[in-house]
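Heads up, the thing below is written out as structure tokens.
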Amino acid sequence: MRTDLAKESGIPERNLKGISKYVKHEAGAEILLIDVETKEAAEKLDKPIGRYITVTSSMESMMDRDARMTLSKIVSRELRTLVQNSQNTLVVGLGNRYIAADALGTKTAEYVFVTRHVLKHMKGVLPQRTPSVSAFCSNVLGMTGMETVEVVSALTKEIAPDVVILIDSLAASRVEHLGCVIQCNDSGIAPGAGVGNFQTILSKESLGVPVIAVGVPLVVGIESILGKTRSSCDASVKNMIVTPKEIDMMVKDASRVLSDAINLMLFGDTYNEIEKLLR
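If you count by my numbering, then the sequence shown holds residues 98 to 376, one letter each, in order.
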């Protein structure tokens, strides 16, 4: 099973031409910045050219309310390095809300402060220079009959955002990364790629505007758990994808961290005021 995480691609342990990396630590979290700078490096690592930021914390930090806000502030600051002064943002939650491990995108989008309608009909209610923010949950092909890229492209053309922020559940190859690694990148995302369900990549090239992808790994292939014993298993077992039994709580905690990070990034000093007005 492939991984969606740049952290697991071998980049941190390898010195390759066309790649730069930097690690720092803050409030108990590891922040890894990786820049894939050339086409050759991208092909070797199977990662598109772009910046990948992973923030690794602990499950305790994801569960504790105060620690979650500290983590959200760190992620928000890192997101600001990818999003430059957007005054019109479209946030899209990817995935299937009816499957716990795939519901991160929709759960996060539900907590994002949306202002587009307020600015259109009651502009004076919000602080001056409040950005326009729209949110949408795309659902999956089997329920809509439409590819995700078709839906998001149509919305992008209609709303004309400065940036599209995509939120999705990711796949990991290491069990210890489930639920406690947050990845942000500016290279886009291929919905379902981590579990072998490849679709058109949602990126600046396919949507025509800058794209930021944000996610947390919530599934892992069974082969990552079985290790060397996998050779004795039949194909049906090898293809299994598993989640922790605490998946519902993990999604809830992760969605709050991501939504707070996105809200802090978009609204800055007016976060508390906007929260009181919209919640």
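Ideal Cβ positions, reconstructed from N, Cα and C, are used throughout, including at glycine.
Worksheet item: When we look at the beta-carbon of residue 318 and count the other beta-carbons within 10 Å, is it buried (16 or more) or exposed?
Response: buried
Practice prompt. Could you check what DSSP says for residue 291 in three-state terms: helix, strand or coil?
Written response: In this prediction, residue 291 has a pLDDT of 48, which is less than 50 and means its spatial position is unreliable; what the coordinates show is noted afterwards. In this structure, residue 291 counts as helix in the three-state DSSP scheme.
Practice prompt. Give a yes or no on whether the minimum CB-CB distance between residue 366 and chain C is below 8 Å.
Written response: Any reference to chain C falls outside this structure, which holds one protein chain only.
Item to complete: Just grab the DSSP bridge partners of residue 127 for me.
Response: 122 and 153
Fill in: Cβ pair residue 184, residue 250 closer than 8 Å
no
Worksheet item: residue 280: buried (16+ other C-beta within 10 angstroms of its C-beta) or exposed?
Response: Buried is the call here.
Worksheet item: For residue 376, which three-state DSSP category applies?
Response: coil
Worksheet item: For residue 357 versus residue 169, is the C-beta distance shorter than 8 Å?
Response: yes
Worksheet item: Sorted by chain position, which residues of the same chain lie with C-beta nearer than 7 Å to residue 361's C-beta, five sequence neighbours on each side aside?
Response: 169, 170, 173 and 368
Fill in: Coil, strand or helix - residue 198 by DSSP
Residue 198 sits in a helix when the DSSP states are folded into three classes.
Item to complete: Measure the C-alpha to C-alpha separation of residue 94 and residue 165 and round it to an integer number of angstroms.
Response: Not covered by the structure: residue 94. The range shown for the chain is 98 to 376.
Item to complete: List the endpoints of the continuous alpha helix (DSSP H) containing residue 212.
Response: From DSSP, residue 212 is part of no alpha helix (DSSP H); its letter is neither H nor E.
Discussion item. If I follow the unbroken alpha helix (DSSP H) through residue 366, where does it start and stop?
Written reply: Taken as a continuous stretch (DSSP letters only), residue 366 belongs to no alpha helix (DSSP H), as it is neither H nor E.
Practice prompt. Taking residue 146 as part of the beta strand (DSSP E), name the residues at either end of that continuous run.
Written response: Residue 146 -> no beta strand (DSSP E), and no H or E assigned at all.
Practice prompt. Kindly indicate the opening and closing residues of the alpha helix (DSSP H) around residue 176.
Written response: 162 to 177
Fill in: Whether residue 158 touches residue 189 by CB criterion (8 Å)
no
Worksheet entry | Beta carbon of residue 345 nearer than 8 Å to that of residue 197 | yes
Worksheet item: Of the residues 154, 276 and 373, which one's Cα is nearest the Cα of residue 340?
Response: Closest option to residue 340, Cα to Cα, is 276.
Discussion item. Per DSSP, what are the beta-bridge partners of residue 277 in this structure?
Written reply: As far as DSSP is concerned, residue 277 takes part in no beta bridge.
Worksheet item: Considering residue 310, what are the terminal residues of the beta strand (DSSP E) in which it resides?
Response: 308 to 318
Fill in: Residues near residue 132 by beta carbon distance below 6 Å, same chain, minus five either side
117 and 148
Discussion item. Just to confirm, is the Cβ distance from residue 253 to residue 187 under 8 Å?
Written reply: With a cutoff of 8 Å on beta-carbon distance, residue 253 and residue 187 are scored as near each other.
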